[in-house]
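Take a look at the structure below.
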Amino acid sequence: MQRTTIGGRDDAESFFEGKRIVVTGAAGTIGSELVRRLLRTSAAEVRGIDSHENGLFVLAESLEHEARFHPFICDVRNARKLGQMFKDMDYCIHTAALKHVRSSERSPFETVQTNILGVQNVIQAALDNDLQRVLLTSSDKAVNPTNVMGTTKLMGERLITAANAMLGLGSNAVFTSVRFGNVAGSAGSAVPLFCEQIARGGPVTLTDPGMTRFVMTLQEAVRLTLKSLRIAQGGEVFVTRMPVLRIIDLIHELIDIVAPLYRRDPRNIEVRCIGPRPGEKLYEELTTDEELRRTFELDELYAVLPAFRNIYDRISYSYPNAQPAKKAHNSANETPVNRAYLREFLFEPGVLPSHVVALLAAETAAEKYEPTAGLDAMLPAHLAEPQSAPLQAKLA
Numbered sequence: 000m001q002r003t004t005i006g007g008r009d010d011a012e013s014f015f016e017g018k019r020i021v022v023t024g025a026a027g028t029i030g031s032e033l034v035r036r037l038l039r040t041s042a043a044e045v046r047g048i049d050s051h052e053n054g055l056f057v058l059a060e061s062l063e064h065e066a067r068f069h070p071f072i073c074d075v076r077n078a079r080k081l082g083q084m085f086k087d088m089d090y091c092i093h094t095a096a097l098k099h100v101r102s103s104e105r106s107p108f109e110t111v112q113t114n115i116l117g118v119q120n121v122i123q124a125a126l127d128n129d130l131q132r133v134l135l136t137s138s139d140k141a142v143n144p145t146n147v148m149g150t151t152k153l154m155g156e157r158l159i160t161a162a163n164a165m166l167g168l169g170s171n172a173v174f175t176s177v178r179f180g181n182v183a184g185s186a187g188s189a190v191p192l193f194c195e196q197i198a199r200g201g202p203v204t205l206t207d208p209g210m211t212r213f214v215m216t217l218q219e220a221v222r223l224t225l226k227s228l229r230i231a232q233g234g235e236v237f238v239t240r241m242p243v244l245r246i247i248d249l250i251h252e253l254i255d256i257v258a259p260l261y262r263r264d265p266r267n268i269e270v271r272c273i274g275p276r277p278g279e280k281l282y283e284e285l286t287t288d289e290e291l292r293r294t295f296e297l298d299e300l301y302a303v304l305p306a307f308r309n310i311y312d313r314i315s316y317s318y319p320n321a322q323p324a325k326k327a328h329n330s331a332n333e334t335p336v337n338r339a340y341l342r343e344f345l346f347e348p349g350v351l352p353s354h355v356v357a358l359l360a361a362e363t364a365a366e367k368y369e370p371t372a373g374l375d376a377m378l379p380a381h382l383a384e385p386q387s388a389p390l391q392a393k394l395a
């Protein structure tokens, strides 16, 4: 059987029209934004499942006007319940995971239960209910992993690829993964942590001055996740193309922005190097040298084709504007963004914590009545408008 290519256009309307989609980890940062984005399509139903009761309740309350959203408490470790939740669904986006390196090092058995056996349960539930497409959200920490979390995410990718490879004759199901880096502003990520440390007057803790990371906004992560779901042929791992930043630059930029909001002198905020934590890397990788020979560059993504192909289905891997990749990417060998780009990035929606955004809005509004030398010069032009309504719209 020969599969045809699905168009790579960003307009998802026709792809999701009339479809029923289940999102695991729906109460998380990525999952909840995926739910909201899917509800802006003509999908027939979006089912959100999560084991975090309060998070799911908050999400449901915010979407109580949306009749197509159905939230359910369900743990991906519970194979029987998961099978029930997948009934009558067409697509699954699997975001549920234990994602913190430090806690995963301390609780490896729990991490295996969720990140490996949970993926196996998702695969089985999808096969039992004849889902058309399943996408796993993975992490750049799955590349040459040095910690429990990264190792379990790598195993999740391999399980998804194996599920696609073992599909029987006549099956049109597609199993695929998307691998991305740090989502700035997500729960438990560096930006909210650094802002909290700065608000307290420091110190701001740093593993190493040379640490680098791939980073992207929540909106980009969600958009490229949905694009990967649409263009997938089966078994491949998509990798988002992301800028690199130096963590020390991020800290200094945040100090300049946040410290004055709490009436603190940026010069008095200490940056303290605390050394590497268990399992932590100084740099991250998007692809490996081994993957390079089967990696293609697309417009916004890399596509790593599976080493283990389907034993029956001869998939013709074809993507719009695909070119063979020229090198493996890691954050230590990429040119980091400059401070001007980083500042603009920080003012993208969803990157700064809401309380910082509120203080910025209040300070900027005050500039209208009591001009000072500081904050207007600090803000980008699109955030320094004197009218409060346009400002609130841009900060929303």
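Using numbering that gives the first Met the number 0, read the sequence shown as starting at 0 and increasing by one per residue. Where a beta carbon is used, it is the ideal one built from N, C-alpha and C, also for glycine. As the structure is a prediction and not an experimental result, all values here were calculated from the model.
Evaluate residue i with the Cβ neighbour count: other Cβ atoms within 10 Å of its Cβ, from every protein chain shown; 16 or more gives buried, anything less gives exposed.
i: Y261; result: exposed
i: T224; result: buried
i: G373; result: Per-residue confidence for G373 stands at a pLDDT of 47, beneath the threshold of 50, marking its modelled position as unreliable; the derived number appears in the next sentence. Per the 10 Å Cβ criterion, exposed.
i: A139; result: Correcting the residue type first, residue 139 is Asp in the shown sequence and not Ala. Flag for D139 reads buried.
i: Q391; result: Confidence at Q391 is low in this model, with a pLDDT of 38, below 50, so the placement of that residue should be treated as unreliable; the coordinate-derived value is given next. Result: exposed.
i: E343; result: exposed
i: E63; result: exposed
i: A125; result: buried
i: R132; result: buried
i: L192; result: exposed
If residue i sits next to residue j, beta carbons under 8 Å apart, how far is it from one beta carbon to the other, in whole angstroms?
i: V203; j: I250; result: 5 Å
i: H93; j: L135; result: 5 Å
i: S176; j: V236; result: 5 Å
i: Y316; j: V238; result: Incorrect: roughly 15 Å between the Cβ atoms, too far for contact.
i: L205; j: R271; result: 7 Å
i: T217; j: G187; result: The displayed chain sequence assigns Leu, not Thr, to residue 217. Contact flag wrong, Cβ pair sits at about 13 Å.
i: Y318; j: L285; result: Actually they do not touch by this definition, with Cβ atoms about 17 Å apart.
In its own chain, which residues sit with a C-beta less than 6 Å from the C-beta of residue i, not counting the 5 before and 5 after it?
i: V118; result: G155 and L158
i: G17; result: A43
i: P265; result: I254, D255 and A258
i: S50; result: D74
i: A339; result: none
i: T371; result: Low local confidence applies: a pLDDT of 46 at T371 is under 50, so the model's placement there is unreliable, and no value is given.
i: A59; result: P70
i: A95; result: T23, G24 and V75
i: D207; result: L281
Using a Cβ-Cβ cutoff of less than 7 Å, which residues in the same chain neighbour residue i once the five nearest sequence positions on both sides are dropped?
i: A380; result: Confidence in A380 is poor, its pLDDT being 45 and thus under 50, which makes the residue's placement unreliable; the coordinate value appears in the next sentence. There are no such residues.
i: V21; result: R46, I48, M84, F85, M88 and C91
i: G209; result: L281
i: S330; result: T211, R212, F213, V243, Y282 and E283
i: T110; result: L97, S103, V147, M148 and T151
Is residue i near residue j, with beta carbons less than 8 Å apart?
i: G234; j: N120; result: no
i: T151; j: I122; result: no
i: G180; j: V147; result: no
i: F346; j: A324; result: no
i: A321; j: L291; result: no
i: A161; j: G149; result: no
i: T28; j: V182; result: yes
i: L55; j: I72; result: yes
i: N128; j: G169; result: no
Quick one: residues in its chain with C-beta nearer than 8 Å to the C-beta of residue i, no 5 flanking neighbours on either side, listed in chain order?
i: R8; result: Its pLDDT being 45, under 50, R8 is placed unreliably by the model, and the measurement read from it follows with that caveat. So no residue of the chain qualifies.
i: L341; result: L244, D248, L249 and E252
i: R67; result: L38, A42, A43, E44 and V45
i: R36; result: V221, R222 and L225
i: I268; result: I197, G200, G201, P202, V203, I254 and A258
i: Y34; result: For the sequence presented, residue 34 should be read as Val rather than Tyr. V22, A25, V45, G47, L58, L62 and F68.
i: E12; result: T40 and S41
Length at least 4, wholly inside the segment 130-175: the alpha helix (DSSP H) runs in chain order: 147-164
Length-filtered (3 minimum) beta strand (DSSP E) runs lying within the segment 68-111: 68-72 and 90-93
In chain order, each alpha helix (DSSP H) run of at least 4 residues that lies wholly inside the segment 15-69: 28-37 and 52-61
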